[in-house]
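Reviewing the structure listed below.
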Amino acid sequence: MTSIPLTSPQGAPSDTSSAADGRIGENALRPDGTLKVTGEFAYASDLWMDEMVWGTTVRSPHPHARIVSIDIGPALATPGVYAVLTAEDVPGANAVGLEHEDQPVLAETVVRYKGEPVAIVAADHPEIARQAAKKVVVEYDVLEAVTDARAALDPASVQLRPSGNVVRHLKVRKGEELPTAAVVVSLDFEVGMQDQAFLGPESGLAVPAEDGGVDLYVATQWLHVDQRQVCSALGLPPEKVRLSLSGVGGAFGGREDLSMHVHACLLAMHTNKPVKMVYNREESFYGHVHRHPATMSYEFGAEPDGMLVYGRAEILFDGGAYASSTGAVVGNGGTLGLGPYRFPNVHIDCYGVYTNNPPCGAMRGFGCVQAAFAHEALMDALAERVGVSPAAIRKLNGVREGDVNITGQVIDSAAPCEELVQILLDMPLPAERSGADLLSLPGGVANSTHGEGVVRGVGYALTYKNVGFSEGFDDYSTARVRLQVIGGEAVASVHTAAAEVGQGLITVEQQICRTELGVGRVVVHPKNTQVGSGGSTSASRQTYVTGGAVKAACEAVRARVLAAAAQVCGHTADDLALDGGKVVARSGEVVLDLAELLGDAELFADEGVEETVEWRHRPTEAVDPETGQGNAHVQYAFSAHRAVVDVDVDLGLVKVVALDTAQDVGKAINPDAVLGQIQGGSTQGMGLALMEEIVVKDGHIMNPSFTDYLIPTILDTPPMLIKILEYADPHAPYGVRGVGEPPTISSGPAVAAAIRQATGKALRRVPIRPEHITGT
Amino acid sequence: MIPSAFDYHAPTSLDEALTLLAQGGDDAKILAGGQSLIPVMRLRLAGPELLIDLGRIDGLRGIEDDGDAVRIGAMTPHHDIASSALLGEHAALLCAAARTVADPQVRHRGTFGGALVHADPAGDMPAPALVLGAEFVIAGAGGIRTVSATDFFEGLFTTAVGEDEILTHVRIPKHTGWGARYEKFTRVAQQWSIVAVAATVRAEGSAIAEARVGLTNMGSVPIRAESVEAALAGCALEEAAIARACASAAEGTDPPTDTNGDADYRRHLATVLATRAVLSAAGG
Ligand SMILES: Cc1cc2nc3c(=O)[nH]c(=O)nc-3n(C[C@H](O)[C@H](O)[C@H](O)COP(=O)(O)OP(=O)(O)OC[C@H]3O[C@@H](n4cnc5c(N)ncnc54)[C@H](O)[C@@H]3O)c2cc1C
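The listed protein sequences derive, respectively, from chains D and Y. Residue 1 is where the first sequence starts when you use this note's numbering, and the numbers rise one by one after that. Residue 777 is where the second sequence starts when you use this note's numbering, and the numbers rise one by one after that.
Right, dumping it as structure tokens:
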């Protein structure tokens, strides 16, 4: 810890301490909650050091071009400018990336998407930096751009990489090669490019250190994977590149890749001054990856009663200019892309390709969101064909615990598909439309409808998602937990590198410490690279994996404390527990005061008891590249949604009047936080069904602003009935099941289904635009 | 984003404001509610060096009876228009449109004058002002002049108000007893109009005697749907007849194609919304 700069910037997180109650299963208050509501929470964009300078980025105006020359002279000559750097100034490897190191820190000879960073500028004022950036003269030789994923797949098209345009092609094969069925339904489906639309733009502050290294404060999802890439680009060892998490204003996958990280460090090391970089909103749209757009062709075969016989699918993800996590998204699309249903015979081809579109990568729901729109639309088509209800077809075909899924993996914990659907059926439907209340009508406060042309529809969706990293990835987290006496009180402190991005992880860490160590006050150490990796805050995995690590570290600490207590009090350690700041016997008898025990200098050193544990979930395995077979995933999380919509069919306007859901969360560590995740996730999925789309034309983003990229507001968001099931997964700590992503997957398809039911239209593309409904 | 640096003045008289404006030349801008100007400055689409805030000048805010018209000060916020009983009686269309502008915060800051001078094609106040035959009172170095509604909106974000002039008032001829409806189409709550239709109607017995119909965001300026107005004169107060009369609402328009909708869809919207607006304005 000595290497942390003496003066950390204003706005850098400090210890988060909370003495509030709240153990596992209780609604513990979030220590960051009040600050966020009152506007006092320091986000990464609030970082400040008096002597800092400002960095800005020069970006490519072309989706595909050769860089002929770069003249930094005029920019460098601007008074107030400290540095203008290009690819030549990258001391280490000019290649970063999550799965493939295929993305330059600064473009060298070619730019592959519009907005790609080409040069960076540091100046003593953001305005001067911006003005200077405009004076960097880049001469481009514009190349033909590949902006259609289908065309990219064609071997005759421009090949963007020496290895070709395919990032990954996953085949899943099971059962007969050419099965036949009495009933066959098929469809093509298209999903547009969704944005994470987090509110806090990419920002951070890099501070050069005396040891020749750098300290980077940044809003991110995974400090250690950032550190790895920054080290490689700077040519520095990990001990010289120290990262600290600063306040994160939302992430949803969009902060898994690097943005300004290396740029700020390069500028800081070059100028020997702290460098702050903050993207503006438009730049942010070019500065992070988005959800992959997908085109999909599906065919299901079934018995006359609707029992599935086979599923065929071709799924094509547009990965954009760089690989990012396209490979893993293809992994999910392939292994999970038929939905949580029993298929004896399976034939899937899932592709991710390079194009010159904006790079796509992680976003909440990761490969399952796109596929769910297709498989759920097709399940409805099947239901209609065989004459059963949408709910019945899902109950009939839903997977069950003990089933072998399409990749040959046994589903070895609860799979309550049937129950989830039944819960929705049992929930009350919203009342019929009441004409008086404008807010209840399509168009809401805007006045567009007073009931004219309005029809109602109801739609169902049932989906699932893998939790944690899959396909053999070494997925672990590290926790350091200490129990010590502070101010006469036994206090736990917990240090992990797992990013809190707004989901409530620090509350979970505190709840686990309170539960396992029987204390009230828990200090959460700022998240940084001074402790081992926590893994990514993605794949709904932190409560499971970092929760598992914190639990294991607490258990190790507790074992030492109880062993010491046993020496003092005559009970065996097995007969002792920690509760309410006391050592208590199983009988309930209070044996010792914990603070007194910890204060015993003969038993414990001053700093109390500390343990660091690296914790892993059960290993997964890579799937066979030709058949997709293998135990790819560690856990599945199931959810179902029922959407009720009112559609003004003359205008094409949709009002979602109810968005009800049931989800199995294994164990609700913090029930309020679970509700928050489900409400937010449901809304984000609804957004994709109705309006959220980055419109890309010839590689250019047409709507890089929150005026033109539409997001549902609170007035567009319906009330939600939410039923939580808690079927413990015996393999997971406390039985938890990831919560964050499932609702984002099932809500959108339910909304789309409801609109189809209301309008009678096929609607094979999302977002469903008004003109798709009116047909004009 | 943060706007580039600028100076700020808040004069207390119109003369002082006009003098500052003349001195500032091209680099000076009037600041009313700031609800359009500040966003535009933050996006760096404008970078005035001097802002002249009209907020401290007496007499620019308020709604008064002016004989055969209602006189509205340029600095009157949308909220006051939306809730004005006087306007409700004599120019209900303005109230209806103002109610659909953005959200309560914006309606309390943003002004009638600002919305008209800004002349955003998606803005909700220009079309109602146009069809109600507003007269625009403009002050400049040479004194006061009056511009009619037909001459006021010149193009995209451009009006008859010169760089060195200030809109002080707008006179709205009374349309006492006319029914009114402003139908606005947006995809999310509290958004800008993708298309909107302003209709105000004087009914006599079971027929429409006179109607005024205006279109928002169907071109670079607000448009009066004159063929619809003509077809509605004497039209029976029944849905089919009104729909027939409104079928030509989009005729001759050249609406934009953008991420919110293409031109054809906008024409479709204009037709549907015109029918609904007129029906509802006529009390149907
Ligand atoms: C989030 C948001 C949503 C919005 N949604 C809508 C909407 O749904 N519908 C809608 O119609 N509007 C909407 N607006 C815009 C709003 O109506 C503004 O109030 C209006 O467009 C401008 O009025 P203002 O008083 O804020 O003018 P300002 O922003 O202060 O000025 C606008 C322009 O007019 C000039 N100007 C202002 N007053 C005068 C004057 N008296 N004489 C000469 N020049 C003058 C200024 O110099 C400037 O160029 C929205 C605004 C925001 C911020």
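Where a beta carbon is used, it is the ideal one built from N, C-alpha and C, also for glycine.
Can you find at least 3 beta carbon pairs, one from the stretch 385-396 of chain D and one from the stretch 312-329 of chain D, that sit closer than 8 Å?
-> no
Validate contact between the stretch 240-252 of chain D and the stretch 506-523 of chain D using beta carbons, cut 8 Å, 3 pairs | no
Indicate whether at least one CB of chain D lies closer than 8 Å to the CB of Val913/Y.
-> no
For His772/D, which residues from the same chain have a beta carbon less than 8 Å from its beta carbon, with the 5 sequence-adjacent residues on both sides left out?
-> Gly652, Lys761, Leu763, Arg765
Are the C-beta of His1100/Y and some C-beta of chain D separated by less than 8 Å?
-> Nothing about residue 1100/Y can be read from this structure; chain Y reaches only from 777 to 1060.
So, does the CB of Tyr784/Y fall closer than 8 Å to a CB anywhere in chain D?
-> no
Sorted by chain position, which residues of the same chain lie with C-beta nearer than 7 Å to Pro5/D's C-beta, five sequence neighbours on each side aside?
-> Confidence is the limiting factor: at Pro5/D the pLDDT is only 49, short of 50, which leaves the residue's position unreliable, though a coordinate-based value still follows. Val207, Ala209, Asp215.
In chain Y, what lies closer than 8 Å to Asp716/D by C-beta?
-> Val964, Ala965
Length of the line joining the Cα atoms of Pro998/Y and Phe929/Y = 7 Å
Identify, in the order they occur along the chain, each residue of the same chain with its Cβ nearer than 7 Å to the Cβ of Glu986/Y, setting aside the five sequence neighbours on each side.
-> Arg978, Ala1009
Looking only at C-alpha atoms, which of Pro79/D, Ala577/D, Val262/D, Gln221/D sits nearest to Ala251/D?
-> Gln221/D
Got a sec: is the Cβ-Cβ distance from Thr1035/Y to anything in chain D below 8 Å?
-> yes
Taking one C-beta from the stretch 604-623 of chain D and one from the stretch 474-492 of chain D each time, how about it: are there three or more such pairs within less than 8 Å?
-> yes
Report yes if the C-beta of Ile942/Y is less than 7 Å from at least one heavy atom of ligand 3; otherwise report no.
-> Ligand 3 is not part of the structure shown, which contains ligand 1 as its ligands.
At a cut-off of 7 Å, is Pro619/D close to ligand 1 when judged by its beta-carbon and the heavy atoms of the ligand?
-> no
Could you work out which residues of chain Y lie near Val695/D, taking near to mean beta carbons separated by less than 7 Å?
-> Thr1035
Where Pro949/Y falls: helix, strand or coil (DSSP) | strand
Per DSSP, what kind of secondary structure is Arg1000/Y in: helix, strand or coil?
-> strand
Does any heavy atom of ligand 1 sit closer than 7 Å to the C-beta of Gly800/Y?
-> no
Entirely enclosed beta strand (DSSP E) segments - the stretch 852-921 of chain Y, minimum 3 residues | 911-916
Should Gln811/Y be listed as close to ligand 1, given that the test is whether its C-beta is under 7 Å from any heavy atom?
-> yes
Which of the three DSSP states, helix, strand or coil, is assigned to Met720/D?
-> coil
Excluding five sequence neighbours on each side, which residues of the same chain lie with their C-beta closer than 8 Å to the C-beta of Ile411/D?
-> Val399, Arg400, Glu401, Gly402, Asp403, Val404, Asn405, Tyr636
Check the Cβ of Arg1052/Y against every Cβ in chain D and list those closer than 7 Å, keeping chain order.
-> Glu452
When burial is assigned at 16 or more other CB atoms within 10 Å of the CB, is Pro304/D buried or exposed?
-> exposed
Flag His1044/Y as yes if its beta-carbon sits less than 8 Å from any beta-carbon of chain D, otherwise no.
-> yes
How about Ile839/Y and Val846/Y: are their beta carbons less than 8 Å apart?
-> yes
Could you tell me whether any Cβ in chain D is nearer than 8 Å to the Cβ of Phe961/Y?
-> yes
Counting only runs of 3+ residues fully inside the stretch 15-81 of chain D, write out the beta strand (DSSP E) ranges in chain order.
-> 16-18, 53-59, 65-71
Who are the Cβ neighbours of Asp844/Y in its own chain at under 8 Å, not counting the five residues just before and after it?
-> Pro949, Lys950
Assuming Thr507/D contacts Ala673/D (C-beta within less than 8 Å), just tell me the rounded distance between them.
-> 7 Å
Give the secondary structure of Gln159/D by DSSP, where H, G and I count as helix, E and B as strand, and everything else as coil.
-> coil
Excluding the 5 residues preceding and the 5 following Ser812/Y in the sequence, name in chain order all residues of the same chain whose CB lies nearer than 6 Å to its CB.
-> His894
Start and end of the alpha helix (DSSP H) containing Thr1029/Y?
-> Run containing Thr1029/Y: none; DSSP gives neither H nor E here.
Coarse secondary structure for Asp648/D, derived from DSSP in three states = strand
For the candidate residues Ser587/D, His700/D, Val645/D, whose alpha-carbon lies nearest to that of Thr572/D?
-> Ser587/D
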